[in-house]
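> So for the sequence shown, the numbering used here puts the first residue at 1; every next one is plus one.
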Amino acid sequence: MCGIIGYIGKRQIIPVLLEGLRRLEYRGYDSAGIVFLEKNKIKVIKTKGRIFNLEEKIFKKPPLEAKAPGLGHTRWATHGEPSDENAHPHMDCKEELSLVHNGIIENYYELKQKLLKKGHRFCSATDTEVIVHLVEDYLNEGLNIKEAFFRTLKDLKGSFAIALIYKKHPEFILVARNQSPVVLGVGEEENFVASDIPALLPFTKKVVFLNDGEVAILYKDKIEVYDSKKNKIEKEPVLISWDLASAEKGGYAHFMLKEICEQPEAIKHTLLGRINLDNKEIDFSKEGLVKEFLEDVQKVFIVACGTSYHAGLVAKYLIERHLEIPVEVDLASEFRYRNPLINSKTLFIGVSQSGETADTLASLRLAKEKGAKILSICNVLGSTIARESGVVLYTQAGPEISVASTKAFTTQVLVFILLAFYLKKMLYGKDEDKEKVDALIKISNQLDNFIEKIRPKIKEISEKWHNISNCLYLGRNILFPIALEGALKLKEIAYIHAEGYAAGEMKHGPIALIEENVPSIILAAKETGIVYEKTLSNAEEVKSRRGPIISIISENSEEFKKISYDYIEVPLTFYEFLPIFYVVPLQLLAYEIAALRGCDIDKPRNLAKSVTVE
Ligand code: F6R
């Protein structure tokens, strides 16, 4: 969702802001803007649309003397339609302050009414604009800018990451955070603020994460951080291991394709340091996952959203197969508003690529409050969910820029596979998965070859089917969540209505949808035993109603080949690894179809990468 970049230092301000904004584009936005100082005045340039629209506007009438500090923003509309007026940055009545905001101010309406009565003039329909007028109001009352900023924060209800500049104090940027991500970039005689690490990578890898309630004052040569009670606190910068290249397309047409093809590498990195190559033992103890943490666990809740939720569904099959612990998997937006039965013997596992998803975070906090042990599986170092968890297992997928999640999913599944094997050994002393662990070490190369092999065939299939309006994805057992994930991918990037179903449920309703122009993508693996035969029967039922079948099947599944219009063969593997192999053709299929339909693949309409509001 909204992206923030801010800079104080000697560089030319406009290129820094535009570069930062470009690197935040993937978060999803519908308008963009920047603010800087020009001849000691606040100068705002903003527009509805994309960053290139903003650039056009800037360079039509290039500023003569643009100076830091400056802020940039990409807005994903919540209050007020996407428009020039509603785009950030916003200014106070006197045009001395300017501010960008990510999040939602829940009490904006009552604040606005009060400010209007006091004579403040508003230029937008946003919730954000109240913040800058509030600061102005406190300045009018005689507070200094820092006091006015702190005082304003006290009045706000909701989620926010805020950056503010004041023309009378160009020597600093004020930053605050509550439930919306903010990261500070530390440079030499320069400092940055951003809502996400990729915006900082061209400039610095040294970062400081802010916690909820904290305020930072960025000078060019120092950063001061305060807690909510205005006590000054010390924060150690952290060094980010992601490099700039990993956040660039590197010759691929889209980030999504790059990230699909990066999966073998992401798997390698996620395994690194977690498997002892000599004795094939998995070790998460260095990450805090020790016996004491888990010994009395009687129930597991896995909670997540979207693709991460699908990884959670896969995990249910893995954990219940290997451990004698019941598992419930929940959508975070549902979990947080019901009354889940949680106590100190519950293990809550939050799964999130970004580590910032509002519903997942709220669910985690709810579980924590009720005494659960908190484990999270995250991709972004230092993200809020990671920081609020008792133990974090990082997926080492590198930055995922495409809105549609791919490599995060496969690495989340991989972490769950490792976790199931690790816990089995730790809790029951069962050490029977060495052969599988050995195979895991080789899975990266196998997957690489598989991707290369299937790409031409997937292109061919996509050419035939890219004009469809409806599509079914069917699978059973551990491939059911993969059917859901395949359908989600097609929906979100190709805008085709797709439904994922457990193949056994077809007779209970969805089979009525079958007709000649509604293909069913059926997933079947011999490794699932009897379920494979059952899926074959479900496929026959589709076929006999003239439904075209595209099957993703184990090698040499002759019965399926006979009834399929098209098929992709998957090499035989272990049951646990099926999700990794079966999801890849579905990711590629959605990608190729979306490309043929001319969709904006990396930034699909209406979507945001990091969903920081509920
Ligand atoms: C789909 C997708 C989303 C995310 C969901 C959760 O391709 O990317 O469904 O999976 O928004 O995001 P994280 O994993 O960051 O919590």
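Note that the Cβ used here is the ideal one computed from N, Cα and C, for glycine as well.
Would you identify the three-state DSSP class for TYR582, choosing helix, strand or coil?
In the three-state reduction of the DSSP assignment, TYR582 falls in the helix class, which pools H, G and I.
> Cutting at 8 angstroms between CB atoms, please list the residues of its own chain near HIS466, excluding the five before and the five after it.
ALA494, GLU592, ILE593, LEU596 and ARG597
> Measure the C-alpha to C-alpha separation of ILE461 and SER551 and round it to an integer number of angstroms.
11 angstroms
> Would you say GLN353 touches ligand 1, meaning its beta carbon is less than 6 angstroms from a heavy atom?
yes
> Does the beta-carbon of ILE601 have 16 or more other beta-carbons within 10 angstroms, so that it is buried, or is it exposed?
buried
> Is the number of C-beta pairs between the stretch 123-130 and the stretch 167-185 that are closer than 8 angstroms three or more?
Output reads no: the stretch 167-185 does not touch the stretch 123-130.
> Measuring from the CB of GLY213, is there a heavy atom of ligand 1 at a distance below 6 angstroms?
Look at GLY213: its beta carbon is at least 6 angstroms from all of the heavy atoms in ligand 1.
> Assuming contact is defined by CB atoms lying nearer than 7 angstroms, are THR573 and LEU414 in contact in what I supplied?
No, the Cβ-Cβ distance between THR573 and LEU414 is not below 7 angstroms.
> Does the contact criterion of 3 or more C-beta pairs under 8 angstroms hold for the stretch 298-305 versus the stretch 360-370?
yes
> What number of angstroms, rounded off, separates the C-alpha of ASP92 from the C-alpha of SER98?
7 angstroms
> GLY288 by DSSP, collapsed to three states: which one?
Coil.
> For SER520, which residues in the same chain have their Cβ closer than 8 angstroms to its Cβ, ignoring the five residues on either side in sequence?
By the criterion of a C-beta distance shorter than 8 angstroms, SER520 is surrounded in its chain by CYS471, LEU472, TYR473, LEU474, ILE514, ALA539, VAL542, GLY547, PRO548, ILE549 and ILE550, once the five residues flanking it on both sides are discounted.
> Say the cut is 6 angstroms; is the CB of ALA32 nearer than that to a heavy atom of ligand 1?
no
> From LEU37 to SER354, what distance separates their C-alpha atoms?
Rounded to the nearest angstrom, the two C-alpha atoms are 33 angstroms apart.
> Say the cut is 6 angstroms; is the CB of CYS378 nearer than that to a heavy atom of ligand 1?
no
> Run through the stretch 414-495 for me and flag every whole alpha helix (DSSP H) of 4 or more residues, listed as ranges in chain order.
434-465 and 480-494
> Can you tell which of GLU295, LEU239, PHE192 and LYS154 has the C-alpha that lies nearest to the C-alpha of LEU111?
LYS154
> Is SER180 near ligand 1, judged by its Cβ being under 6 angstroms from some heavy atom?
Relative to ligand 1, even the nearest heavy atom lies 6 angstroms or more away from the CB of SER180.
> Beta carbon of VAL415: closer than 6 angstroms to some heavy atom of ligand 1?
no
> Roughly how many angstroms lie between the CA atoms of GLU463 and LYS235, to the nearest whole one?
54 angstroms
> Per DSSP, what are the beta-bridge partners of ILE173 in this structure?
DSSP output for ILE173 lists LEU218 as bridge partner(s).
> With a threshold of 8 angstroms, are at least 3 pairs of Cβ atoms found where one atom belongs to the stretch 21-33 and the other to the stretch 73-84?
yes
> Might you give, ordered along the chain, the residues of its own chain that have their beta carbon closer than 6 angstroms to the beta carbon of ALA199, omitting 5 neighbours on each side?
ILE5, GLY20, ARG23 and LEU24
> If we ignore side chains and look at the alpha-carbon of each, how far apart do LYS291 and LEU18 end up?
LYS291 and LEU18: Cα-Cα distance of roughly 49 angstroms.
> Thinking just about the alpha-carbon of each residue, which of PRO237, GLU485 and PHE255 is nearest to the one in ALA245?
PHE255
> Mind checking if LEU474 is an interface residue toward chain D, Cβ cutoff 7 angstroms exclusive?
Considering every chain present, this structure includes no chain D. It has just one protein chain.
> Taking 7 angstroms as the limit between beta carbons, can you name the residues of its chain near LYS258, skipping five residues before and five after?
LYS249, GLY250 and TYR252
> Is ALA176 a contact residue of ligand 1, with contact defined as CB to any heavy atom under 6 angstroms?
It does not: the Cβ of ALA176 is nowhere closer than 6 angstroms to a heavy atom of ligand 1.
> Is the separation between the beta-carbon of GLU287 and that of LEU375 shorter than 7 angstroms?
No, the pair does not count as a contact, with Cβ atoms beyond the cut-off.
> Under a Cβ-count criterion, where at least 16 other Cβ atoms within 10 Å of its own Cβ denotes burial, should GLY529 be classed as buried or exposed?
exposed
> Measure the C-alpha to C-alpha separation of ILE13 and LYS57 and round it to an integer number of angstroms.
16 angstroms
> Which residue comes first and which comes last in the beta strand (DSSP E) that contains HIS497?
497-502
> Quick one, are the C-beta atoms of LEU423 and LEU323 less than 7 angstroms apart?
yes
> Between LYS146 and the rest of its own chain, which residues show a CB-CB distance below 8 angstroms, the 5 nearest in sequence each way excluded?
LEU174 and ILE217
> On a CA-only basis, which of ARG545, PRO510, ILE563 and GLU555 is nearest LEU536? Give me that one, please.
ILE563
> Shorter than 6 angstroms, the distance from the beta carbon of ALA397 to the closest heavy atom of ligand 1, or not?
no
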